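What follows is one structure encoded as structure tokens, with my remarks underneath.
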Amino acid sequence: MPHTCTLNSSLAGGSWKAWEKLLTTNLDVLKQFDSVISELNTYRDPFRISDKLAERMLELSENLKIKG
88 MPHTCTLNSS LAGGSWKAWE KLLTTNLDVL KQFDSVISEL NTYRDPFRIS DKLAERMLEL
148 SENLKIKG
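The sequence shown runs 88 to 155 under the numbering used here.
Shown next, in the form of structure tokens:
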């Protein structure tokens, strides 16, 4: 698990607040993903998905934060 070492060393360095903020942000984004995915599930034909919805999904994926 490569991220475990990073997390452990960051916690030891006293940057728990940074990790907490990162996790909170990602949790909020994932909740938004849930809503968008529910809407996507209403489409049977992928070619009928609106550009706005596709752009929203892309925007959300870009908002997920990775710290390594």
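Using N, Cα and C, we set each Cβ at its ideal position, and we do this for glycine too.
Nothing here was measured: the structure is a model prediction, and the numbers come from that model.
My assumption, with CB atoms under 8 angstroms, is that residue i sits in contact with residue j. Please give the rounded CB distance.
i    : j    : result
R143 : V123 : 6 angstroms
Would you check if the distance between the CB atom of residue i and the CB atom of residue j is smaller than 8 angstroms?
i    : j    : result
L127 : L140 : yes
K152 : T112 : yes
Work out the CA separation of residue j and residue i for me, nearest whole Å.
i    : j    : result
Q119 : L147 : 8 angstroms
L108 : N150 : The sequence as given places Lys at residue 108; Leu does not occur at that position. In a straight line, the C-alpha of K108 is about 13 angstroms away from that of N150.
T194 : S137 : A query on residue 194 cannot be resolved here, the shown segment of the chain reaching from 88 to 155 and no further.
In this structure, does DSSP put residue i in helix, strand or coil?
i    : result
R135 : helix
K118 : helix
L109 : helix
Say whether chain B places a C-beta atom closer than 8 angstroms to the C-beta of residue i.
i    : result
L151 : Absence of chain B from the displayed structure is noted, only one protein chain being present.
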